[in-house]
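S.K.: One structure is given below, represented as structure tokens, and several questions about it will come after.
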């Protein structure tokens, strides 16, 4: 007996390819996402110029139709996954393999997209955690995936915010999949400065991941904390980070040279108590 869900799937299969072709040839529209699959695809096509960088539109169309041909319906019915395909398309002129030669090798939409990303861009091994950048907005991080996939080193990555040693670059490539790019950078820095894995992960999850400004001083702080012999947890580290960065804002010459963790922890505690009293006054 044909169920409602079966009827919906049959209609989807019959109309999807025609919809893609129609939206591909439509004049760009300023309409945004309106809660439908069609509006999602239309929005992404509209963001891809039909005159400049036509290959983005062409690649997006090719990916949509190929995923449809491979029956990746869970991908094609989800606007978040459509967004991943659009982000892949932004680098359509850098692919190392034709998207049409990709074969479905996973039963889950996440696995299918990860496999597609590797197929399109990874001529060489790329860390798994970087696959997730195609679900976000940071095109620089996506470019890093493309660059690593064609064999460039971490130190050669465009706009990389931190000066890495070879050890740090190795640790960056070995980052477990559960870390973000920002966390991976801080974790690799800490390991490169001699931290153990637990200490490196504390620093990765700390506020140091929020931005990459004032990097010379941040590298000094990371190197200092990496070598502290005491057992440190994030709730212990975070107040000290807040303290030292406030001290450095007040005095740009402030440095970590000659300091000990015990003294810093004591000064930090005093400073936080003073700040609390001022807020209560």
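Numbering (my numbering), first residue to last: 347 to 627.
Backbone N, C-alpha and C fix where the C-beta goes; we use that ideal spot for every residue, glycine too.
How is residue 408 classed by DSSP in three states: helix, strand or coil?
M.R.: Here residue 408 sits in helix by DSSP.
S.K.: Given a cut-off of 9 Å, decide if residue 494 and residue 476 are closer than it, judged by their beta-carbon atoms.
M.R.: Yes, the pair counts as a contact, with Cβ atoms nearer than the cut-off.
S.K.: In or out: residue 366 buried (at least 16 other Cβ within 10 Å) or exposed?
M.R.: Buried, by the Cβ-count rule.
S.K.: Write down every uninterrupted run of the alpha helix (DSSP H) in the stretch 434-517 whose length is 4 residues or greater and which is fully enclosed by it, in chain order.
M.R.: Within the stretch 434-517, the complete alpha helix (DSSP H) runs of at least 4 residues are 455-467 and 485-495.
S.K.: Mind reading off the beta-carbon distance from residue 566 to residue 601? Whole number of angstroms is fine, and I expect it under 8 Å.
M.R.: That belief holds up - the Cβ atoms of residue 566 and residue 601 are roughly 6 Å apart, short of 8 Å.
S.K.: Just to confirm before moving on: does the CB-CB distance between residue 570 and residue 605 stay below 9 Å?
M.R.: In this structure, residue 605 lies closer than 9 Å to residue 570 by Cβ.
S.K.: Following the continuous alpha helix (DSSP H) through residue 416, name the residue where it begins and the one where it ends.
M.R.: Taken as a continuous stretch (DSSP letters only), residue 416 belongs to no alpha helix (DSSP H), as it is neither H nor E.
S.K.: Under the assumption that residue 375 contacts residue 396 (Cβ atoms under 8 Å), give the Cβ distance between them as a whole number of angstroms.
M.R.: Not confirmed; about 12 Å, so no contact.
S.K.: Residue 389: which of 430, 506 and 377 sits nearest, CA to CA?
M.R.: Minimum Cα distance to residue 389 is reached at 377.
S.K.: Near residue 402, what residues of its chain come up, given a Cβ to Cβ distance below 7 Å and the 5 sequence neighbours on each side ignored?
M.R.: 394, 435, 436 and 438, listed in sequence order.
S.K.: Quick one: grab the DSSP three-state call for residue 538.
M.R.: Correct three-state label for residue 538: helix.
S.K.: Should the stretch 547-560 be regarded as contacting the stretch 526-536, the criterion being three or more beta carbon pairs within less than 8 Å?
M.R.: Taking 8 Å as the limit for Cβ pairs, the verdict is that the stretch 526-536 does touch the stretch 547-560.
S.K.: Our contact map puts residue 583 next to residue 548 with C-beta atoms below 8 Å; I'd like the distance itself, whole angstroms only.
M.R.: Confirmed, about 6 Å.
S.K.: Secondary structure at residue 621, three-state DSSP: helix, strand or coil?
M.R.: If DSSP states are grouped into helix, strand and coil, residue 621 belongs with the helices.
S.K.: Out of 433, 426, 382 and 420, which has the shortest C-alpha to C-alpha gap to residue 407?
M.R.: Among 433, 426, 382 and 420, the Cα nearest to that of residue 407 belongs to 433.
S.K.: Residue 545: which of 562, 580, 554 and 515 sits nearest, CA to CA?
M.R.: The shortest Cα separation from residue 545 among 562, 580, 554 and 515 belongs to 580.
S.K.: From 538, 410, 413 and 568, pick the residue whose C-alpha is nearest to that of residue 552; which is it?
M.R.: Minimum Cα distance to residue 552 is reached at 568.
S.K.: Answer yes or no: do residue 418 and residue 443 have a C-beta to C-beta separation smaller than 9 Å?
M.R.: Going by C-beta atoms, residue 418 is not nearer than 9 Å to residue 443.
S.K.: Whole angstroms is fine: what's the gap from residue 483's alpha carbon to residue 599's?
M.R.: Cα to Cα, residue 483 sits roughly 36 Å from residue 599.
S.K.: Identify the continuous alpha helix (DSSP H) that holds residue 386 and give its terminal residues.
M.R.: Taken as a continuous stretch (DSSP letters only), the alpha helix (DSSP H) holding residue 386 covers 383-392.
S.K.: Would the beta-carbon of residue 520 fall within 9 Å of that of residue 473?
M.R.: For residue 520 and residue 473, yes; Cβs fall inside 9 Å.
S.K.: Starting from residue 570, trace the alpha helix (DSSP H) in both directions and tell me its first and last residue.
M.R.: Looking at the DSSP string, the run of the alpha helix (DSSP H) that includes residue 570 is 561-572.
S.K.: Starting from residue 589, follow the alpha helix (DSSP H) in both directions and report where the run begins and ends.
M.R.: It spans 580-596 - the alpha helix (DSSP H) in which residue 589 sits, taken as one unbroken run.
S.K.: Check this for me: beta carbons of residue 387 and residue 410, under 9 Å apart or not?
M.R.: The answer is yes: Cβ separation under 9 Å.
S.K.: Quick one, which of 577, 363, 490 and 505 has its alpha-carbon nearest residue 423's?
M.R.: Looking at the Cα atoms, 363 is the closest of the given residues.
S.K.: Using 9 Å as the threshold, is the C-beta distance between residue 296 and residue 578 below it?
M.R.: There is no way to answer for residue 296, as the model of the chain reaches only from 347 to 627.
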